[in-house]
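A.B. asks: In UniProt numbering, the protein residues as written are 1 to 466.
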Amino acid sequence: MTGVIVASVLLLSLGAAWLARVRSRHMSVETLLVADRALPAPMLFILTVGEIYSIGSIVAFPAGLYGHGVSYGYWFLGYLLLAFPVGYFVGPAIWQRAKQYDACTLPEVFGRHFKSVAFERLTAWACVIALVPWGQFQFIGLRSVLDTMGFSATPAAGLAGCAVIAFAYVALGGVRASTYVAFLKDVLMLFGIAAVGVGAICMQYKLSGGHADIVRPTLALPSGSSLVFAITTILYQGIGFYFQPSVTPYLFTARSAQAVRKAMIFMPLYMLMYPFAVFATIFALRFLPPLSNPNAVFFHVAGVLLPPWMVALAAAGAVLAGLLVLAATSLNIAAMMTRNIAPKLGRRHPKRAINLAVVLFLVLALVATAHAPAIMLTALNVSGYIGIQFASLWFLILTGWPASARIAGLGLFSGAGVAIALFASGVSLGGVNPGLIGLLANCAIVFCPLWRGRSAVHVHTKKDLL
Numbered sequence: 001m002t003g004v005i006v007a008s009v010l011l012l013s014l015g016a017a018w019l020a021r022v023r024s025r026h027m028s029v030e031t032l033l034v035a036d037r038a039l040p041a042p043m044l045f046i047l048t049v050g051e052i053y054s055i056g057s058i059v060a061f062p063a064g065l066y067g068h069g070v071s072y073g074y075w076f077l078g079y080l081l082l083a084f085p086v087g088y089f090v091g092p093a094i095w096q097r098a099k100q101y102d103a104c105t106l107p108e109v110f111g112r113h114f115k116s117v118a119f120e121r122l123t124a125w126a127c128v129i130a131l132v133p134w135g136q137f138q139f140i141g142l143r144s145v146l147d148t149m150g151f152s153a154t155p156a157a158g159l160a161g162c163a164v165i166a167f168a169y170v171a172l173g174g175v176r177a178s179t180y181v182a183f184l185k186d187v188l189m190l191f192g193i194a195a196v197g198v199g200a201i202c203m204q205y206k207l208s209g210g211h212a213d214i215v216r217p218t219l220a221l222p223s224g225s226s227l228v229f230a231i232t233t234i235l236y237q238g239i240g241f242y243f244q245p246s247v248t249p250y251l252f253t254a255r256s257a258q259a260v261r262k263a264m265i266f267m268p269l270y271m272l273m274y275p276f277a278v279f280a281t282i283f284a285l286r287f288l289p290p291l292s293n294p295n296a297v298f299f300h301v302a303g304v305l306l307p308p309w310m311v312a313l314a315a316a317g318a319v320l321a322g323l324l325v326l327a328a329t330s331l332n333i334a335a336m337m338t339r340n341i342a343p344k345l346g347r348r349h350p351k352r353a354i355n356l357a358v359v360l361f362l363v364l365a366l367v368a369t370a371h372a373p374a375i376m377l378t379a380l381n382v383s384g385y386i387g388i389q390f391a392s393l394w395f396l397i398l399t400g401w402p403a404s405a406r407i408a409g410l411g412l413f414s415g416a417g418v419a420i421a422l423f424a425s426g427v428s429l430g431g432v433n434p435g436l437i438g439l440l441a442n443c444a445i446v447f448c449p450l451w452r453g454r455s456a457v458h459v460h461t462k463k464d465l466l
């Protein structure tokens, strides 16, 4: 029954993507990538939360609490709470710059602002490096969900089917199709998490009266280096969240800067689902035997508390969450490959080139998931230290600080290099997040007063091509 319900939901999602295609007057490259910059605030809200609250919300968040305790929840929820107020102020400004430069991809904003084609290509490669592990990580999450559904015997076939559906979303309607599918995903995901959380609350109330706990968890509050890590991670990821290549392009789709601002107001409401995930995790710690795989904790609790059809609906919501991020990430990567890195490939048939690049990425990501999942998990950590370093470029653009493309690139790659070097070496700096140190080094370079006089003269000249 689980397979039938999930398959029905996936077919319904394809119908939603087809509806997006039918309702589009035309299917240009701009429609595919930025929905013609026409999404009103409600649709932008649905699209953005659909991509932000991904499969990690239903798999990784409970798993992190289960395996690492309260400190994981502190920084995970803390940086989201900080990110939304930051997004309220910087989101409209980002949209205005994208509109000003008529940009459909992130590197186009950077290249046109700094008037450097070489810098546009360089930042495109950096964006791709940051995005590839994030897109591939969705396959890992999807595989975890498929395993809990009983499809562990044929994981390759299940993941291949997911890749086909993700490509269908892109081919049918691009970003607009993701918006329509996100409605369905949000309903199922919120329903599943709330149902499991309420079930866990009710069952804990019943069992605490007359049954001994199997495990008595020690949910110690973070202190020392773990507290420092939580605070610095909240600052680093909260401030840099909307500057990441995995998030910024969604803002380009808005109808206006005011639409971005209105959408940001309601972003925190979606976080109401996290307390239910916490209740489910606490139930697993108190009343269920220990699990060898923390990633399975949420659906293990769901299987204990809910009827099979409700578990299937929750699983369908998790699958849609992974597929949406996978489709959007593959589309962003394909757009940068065909428009910024190798523009000649997509000059005659841009939509066809983008679709072919999407297929290529999905195939390579699928192979990586099957043969090198451990390596890709390490790459995901590394890519995270690259993505937020783009914040320095946005600081330059939004403040109008005069800096050349050469200095901006030096800061970007120096910051990423410092963060990755600290992470790889394992050097402990009292628990400070290596990414924050890298970002501070990055900003120190690009905002150094020594460059100001020289950059003010050269930043807008045609000779400044790195």
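The beta-carbon is built from N, C-alpha and C at its ideal position, and this holds for glycine as well.
No experiment lies behind these values; they were computed from the predicted model shown.
#1: Among the residues of its own chain, which have a CB less than 7 Å from the CB of R121, if the five just before and after it don't count?
#2: Would you kindly work out how many angstroms separate the C-alpha atoms of I445 and G438, rounded to a whole number?
#3: Going by DSSP in three states, L81 sits in which element: helix, strand or coil?
#4: Return helix, strand or coil for A342, following the three-state DSSP convention.
#5: So what's L288 in DSSP terms, helix, strand or just coil?
#6: If you compare alpha carbons, which of T248, L32, L159, M267 is closest to Y169?
#7: I believe G435 touches Y385 by the beta-carbon criterion, under 8 Å. Please report the beta-carbon distance rounded to the nearest angstrom.
#8: The ligand PLP and V22: does any heavy atom of the ligand fall closer than 8 Å to the residue's C-beta?
#9: Exposed or buried, which one is S425 when buried takes at least 16 other CB atoms within 10 Å?
#10: What does the alpha-carbon distance come out to for the pair K185 and T232?
#11: Taking only runs that begin and end inside the stretch 77-132, name each unbroken alpha helix (DSSP H) of 4 or more residues, in chain order.
#12: Can you give me the C-alpha to C-alpha distance between N433 and Y236, rounded to a whole angstrom?
#13: In terms of DSSP beta bridges, what is L39 paired with?
#14: What separation, rounded to the nearest whole angstrom, lies between the Cα atoms of L356 and R348?
#15: Is it the case that the Cβ atoms of S71 and L227 are separated by a distance below 9 Å?
#16: Taking only the alpha-carbon atoms, compute the straight-line gap between G50 and L450 and give it to the nearest angstrom.
#17: Would you tell me roughly how many angstroms separate the C-alpha atoms of A171 and Q100, rounded to the nearest one?
#18: Is there contact here, the stretch 64-79 with the stretch 263-270, by at least three beta-carbon pairs under 8 Å?
#19: Answer yes or no: do I407 and C448 have a C-beta to C-beta separation smaller than 9 Å?
#20: Would a C-beta distance cut-off of 9 Å place V34 and T253 closer than the cut-off?
#21: Give the single residue among L131, A130, L106 whose Cα lies nearest to the Cα of F119.
#22: Should A315 and G192 be called a contact, given that it needs their Cβ atoms to be closer than 9 Å?
#23: On the criterion of 16 or more Cβ atoms from any shown chain inside 10 Å, does R37 qualify as buried, or is it exposed?
#24: Could you tell me whether the Cβ of N295 comes closer than 9 Å to any Cβ of chain D?
#25: Taking the beta carbon of F61 as the centre, do at least 16 other beta carbons fall within 10 Å, making it buried, or is it exposed?
#26: Can you say whether P289 is buried or exposed, counting buried as having 16 or more other CB atoms within 10 angstroms of its CB?
#27: With three or more C-beta pairs closer than 8 Å as the rule, is the stretch 386-406 touching the stretch 121-137?
#28: What span of residues does the alpha helix (DSSP H) with S8 cover, start to end?
#29: Is G144 near N295, with beta carbons less than 9 Å apart?
#30: Taking 8 Å as the threshold, find out whether the stretch 176-184 comes into contact with the stretch 8-25 through three or more Cβ pairs.
#31: Count the other C-beta atoms from every protein chain shown that fall within 10 angstroms of the C-beta of Y242, then say buried if there are 16 or more, exposed otherwise.
#32: If you follow the alpha helix (DSSP H) that Q237 is part of, which residue opens it and which one closes it?
#33: Taking Cβ to Cβ, would you say L324 is nearer than 9 Å to S54?
#34: Pop quiz: G238 and L82 are said to be a contact at Cβ under 8 Å. What is the actual Cβ separation, rounded to whole angstroms?
#35: Round the Cβ separation of V363 and A63 to the nearest angstrom and send it over; I've been treating them as touching at under 8 Å.
#36: Ends of the alpha helix (DSSP H) at N293?
C.D. replies: Considering the structure as presented:
#1: Translated into the one-based positions of the sequence shown, residue 121 becomes position 121. Only N340, I341 meet the Cβ criterion.
#2: Position 445 of the sequence shown holds residue 445. Position 438 of the sequence shown holds residue 438. If you take the alpha carbons of I445 and G438, they lie about 11 Å apart.
#3: Along the sequence shown, read from residue 1 onward, the residue named residue 81 stands at position 81. L81: helix per DSSP, three-state reduction.
#4: Within the sequence shown, the letter at position 342 stands for residue 342. Here A342 sits in coil by DSSP.
#5: Residue 288 sits at position 288 when you count from the first residue of the sequence shown. Here DSSP, grouped into helix, strand and coil, assigns L288 to coil.
#6: Counted from its first residue, the sequence shown places residue 169 at position 169. It is L32.
#7: For the purposes of this step, residue 435 is taken as residue 435 along the sequence shown, with counting starting at 1. For the purposes of this step, residue 385 is taken as residue 385 along the sequence shown, with counting starting at 1. That pair is a contact at about 5 Å.
#8: Questions concerning the ligand PLP fall outside what the structure shown contains, since it holds no ligand whatsoever.
#9: Walking along the sequence shown from the start, residue 425 turns up at place 425. With fewer than 16 Cβ atoms within 10 Å of its Cβ, S425 is classed as exposed.
#10: Against the sequence shown, residue 185 aligns to sequence position 185. Against the sequence shown, residue 232 aligns to sequence position 232. A straight line joining the alpha-carbon of K185 with that of T232 spans about 32 Å.
#11: 106-113
#12: As a first step, residue 433 is located in the sequence shown; it is residue number 433 there, counting from the start. As a first step, residue 236 is located in the sequence shown; it is residue number 236 there, counting from the start. Cα to Cα, N433 sits roughly 8 Å from Y236.
#13: Position 39 of the sequence shown holds residue 39. Looking at the DSSP assignment, L39 forms a beta bridge with A254.
#14: By 1-based counting over the sequence shown, the position of residue 356 is 356. By 1-based counting over the sequence shown, the position of residue 348 is 348. Spanning the two alpha carbons is a distance of roughly 14 Å.
#15: Position 71 of the sequence shown, counting from 1, holds the residue named residue 71. Position 227 of the sequence shown, counting from 1, holds the residue named residue 227. Yes.
#16: Taking the sequence shown and counting its residues from 1, the one referred to as residue 50 is at position 50. Taking the sequence shown and counting its residues from 1, the one referred to as residue 450 is at position 450. Cα-Cα distance, rounded: 43 Å.
#17: Translated into the one-based positions of the sequence shown, residue 171 becomes position 171. Translated into the one-based positions of the sequence shown, residue 100 becomes position 100. Going by the C-alpha atoms only, they are around 28 Å apart.
#18: no
#19: Position 407 of the sequence shown, counting from 1, holds the residue named residue 407. Position 448 of the sequence shown, counting from 1, holds the residue named residue 448. Yes.
#20: Sequence index remark: in the sequence shown, residue 34 carries index 34 (1-based). Sequence index remark: in the sequence shown, residue 253 carries index 253 (1-based). One thing to note: V34 has its Cβ within 9 Å of the Cβ of T253.
#21: On the sequence shown, position 119 is the one that residue 119 refers to. Check the Cα spacing between F119 and each of L131, A130, L106: the tightest is with L106.
#22: What you label residue 315 is simply residue 315 of the sequence shown in a count that begins at 1. What you label residue 192 is simply residue 192 of the sequence shown in a count that begins at 1. Yes, Cβ-Cβ distance for A315 and G192 is below 9 Å.
#23: By 1-based counting over the sequence shown, the position of residue 37 is 37. Classification for R37: buried.
#24: Absence of chain D from the displayed structure is noted, only one protein chain being present.
#25: Position 61 of the sequence shown holds residue 61. Classification of F61: buried, given that the 10 Å Cβ count is 16 or more.
#26: For the purposes of this step, residue 289 is identified with residue 289 of the sequence shown, where counting begins at 1. Exposed: under 16 other Cβ atoms inside 10 Å.
#27: yes
#28: In the sequence shown, the residue the question calls residue 8 occupies position 8. S8 -> alpha helix (DSSP H) spans 2-23.
#29: Locating residue 144 in the sequence shown gives position 144, where the first residue counts as 1. Locating residue 295 in the sequence shown gives position 295, where the first residue counts as 1. A quick correction: the sequence has Ser, not Gly, at residue 144. Contact flag set, yes.
#30: yes
#31: Within the sequence shown, the letter at position 242 stands for residue 242. Classification for Y242: buried.
#32: Position 237 of the sequence shown, counted from the start, is the residue given in the question as residue 237. For Q237, the uninterrupted alpha helix (DSSP H) run begins and ends at 225-240, by DSSP.
#33: For the purposes of this step, residue 324 is identified with residue 324 of the sequence shown, where counting begins at 1. For the purposes of this step, residue 54 is identified with residue 54 of the sequence shown, where counting begins at 1. It is a contact, given that the beta carbons lie within the stated cut-off.
#34: Within the sequence shown, the letter at position 238 stands for residue 238. Within the sequence shown, the letter at position 82 stands for residue 82. About 3 Å; that satisfies the 8 Å criterion.
#35: Along the sequence shown, one-based indexing puts residue 363 at 363. Along the sequence shown, one-based indexing puts residue 63 at 63. The pair is not a contact, with the Cβ atoms about 28 Å apart (cut-off 8 Å).
#36: Here residue 293 corresponds to residue number 293 of the sequence shown, with the count starting at 1. That residue, N293, is in no alpha helix (DSSP H); it is neither H nor E in DSSP.
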